[in-house]
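S.K.: Each number in the working numbering comes from the position in the sequence shown (counting from 1) with 328 added on.
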Amino acid sequence: MTGHLDGKVALVTGAASGIGRATALACARDGAKLVVSDITAEAGRRVVDEIETTGGNAIFVEADVSKSVDVARLIKAAVDTYGRLDCAHNNAGVEGPVRLFHEYAEAEWDQVIGVNLKGVFLCMKHEIAQMLSQGGGAIVNTSSVAGLVGAQGAGPIYSASKHGVVGLTMTAALAYAQQGIRVNAVCPGLVQTPMLERLLAMRPDLTSRYLAAEPIGRFATPDEIAAAVVWLCSDAASFVTGVALPVDGGYVAR
Numbered sequence: 329m330t331g332h333l334d335g336k337v338a339l340v341t342g343a344a345s346g347i348g349r350a351t352a353l354a355c356a357r358d359g360a361k362l363v364v365s366d367i368t369a370e371a372g373r374r375v376v377d378e379i380e381t382t383g384g385n386a387i388f389v390e391a392d393v394s395k396s397v398d399v400a401r402l403i404k405a406a407v408d409t410y411g412r413l414d415c416a417h418n419n420a421g422v423e424g425p426v427r428l429f430h431e432y433a434e435a436e437w438d439q440v441i442g443v444n445l446k447g448v449f450l451c452m453k454h455e456i457a458q459m460l461s462q463g464g465g466a467i468v469n470t471s472s473v474a475g476l477v478g479a480q481g482a483g484p485i486y487s488a489s490k491h492g493v494v495g496l497t498m499t500a501a502l503a504y505a506q507q508g509i510r511v512n513a514v515c516p517g518l519v520q521t522p523m524l525e526r527l528l529a530m531r532p533d534l535t536s537r538y539l540a541a542e543p544i545g546r547f548a549t550p551d552e553i554a555a556a557v558v559w560l561c562s563d564a565a566s567f568v569t570g571v572a573l574p575v576d577g578g579y580v581a582r
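#1: Taking a contact to mean a Cβ-Cβ separation below 9 angstroms, would you say V364 touches V337 in this structure?
#2: Could you check if E370 is buried or exposed, using at least 16 other CB atoms within 10 Å of its CB as the buried criterion?
#3: What does the alpha-carbon distance come out to for the pair G383 and I441?
#4: Taking 6 angstroms as the limit between beta carbons, can you name the residues of its chain near V571, skipping five residues before and five after?
#5: Can you list, in chain order, the residues of its chain with a C-beta nearer than 7 angstroms to that of M523? Leave out the 5 residues immediately preceding and following it.
#6: So, Y538 versus I485, is the Cβ gap smaller than 9 angstroms?
#7: Drop a sphere of 10 angstroms on the beta-carbon of M452, count the other beta-carbons inside from all chains shown, and report buried for 16 or more, exposed for fewer.
#8: Across which residues does DSSP place V298 in a beta bridge pair?
#9: With a threshold of 16 other CB atoms inside 10 Å of the CB of S461, please say whether the residue is buried or exposed.
#10: Tell me, please, whether the segment 555-567 touches the segment 526-535 by the rule of three or more beta-carbon pairs shorter than 8 angstroms.
#11: If I measure Cβ to Cβ from D590 and keep anything under 6 angstroms in the same chain, skipping five residues before and after, which residues do I get?
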């Protein structure tokens, strides 16, 4: 297999399903060696099996990105196995409940921010340290259209976490622009993932509202988001850094 990522080592968190799974498979198709990570070991190992069945090279590392010790172990496993880390897609995330501000418990804030924002910070911290030691790399963080605008139907904690991811992305991009490390974010609109399915199961009234909010008239597929991630990781995007790229069917253009 050859492609834009031929010979590169790529890490994907939250890779057991949805956008993360699609990205891991897409990176492998483009020639990368994969480190697949998630808190769900069985599903994560199935992704590794999918990659290996098609001739790719992958390992699975179980990790909770909200825990520094897990993230440090994850990056060490990548380097111990493959010798370097060229690309990272920091994708692990949780949606949290959807309700009004005053109805949230403090513990719910801690959980969503812990995974979606602290988790991205911890991953970037350890990835950047490794990339500095080897002379460069590319990082793509998963934000959301709810990280670019106020989004009706999105939980306020989720939205706050995703706005934070954009801030981390832009600040890190500026800090390391001259050291060979590019940092970007993808901001998906509504994507056909287990996360969206869970949300619509809880709030079926949101389905028609969400579809009406997409100018293109449908939800995205995980593969469509993965394609943007692969491009941002590749040398084809060598002059692209600090970007929060909407992949949203026109959502934020309204």
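Don't be surprised by glycine CBs; every beta carbon is placed ideally from N, CA and C.
Predicted, not measured: the structure shown is a model, and the values here were computed from it.
M.R.: Taking the structure as given:
#1: no
#2: E370 should be labelled exposed.
#3: 37 angstroms
#4: Only N512 meet the Cβ criterion.
#5: G346 and E423
#6: In this structure, I485 does not lie closer than 9 angstroms to Y538 by Cβ.
#7: buried
#8: Residue 298 lies beyond the residue range present for the chain, which begins at 329 and ends at 582; the question has no answer from this structure.
#9: exposed
#10: no
#11: Given that the chain is displayed from residue 329 to residue 582, the structure contains no residue 590 and the question cannot be resolved.
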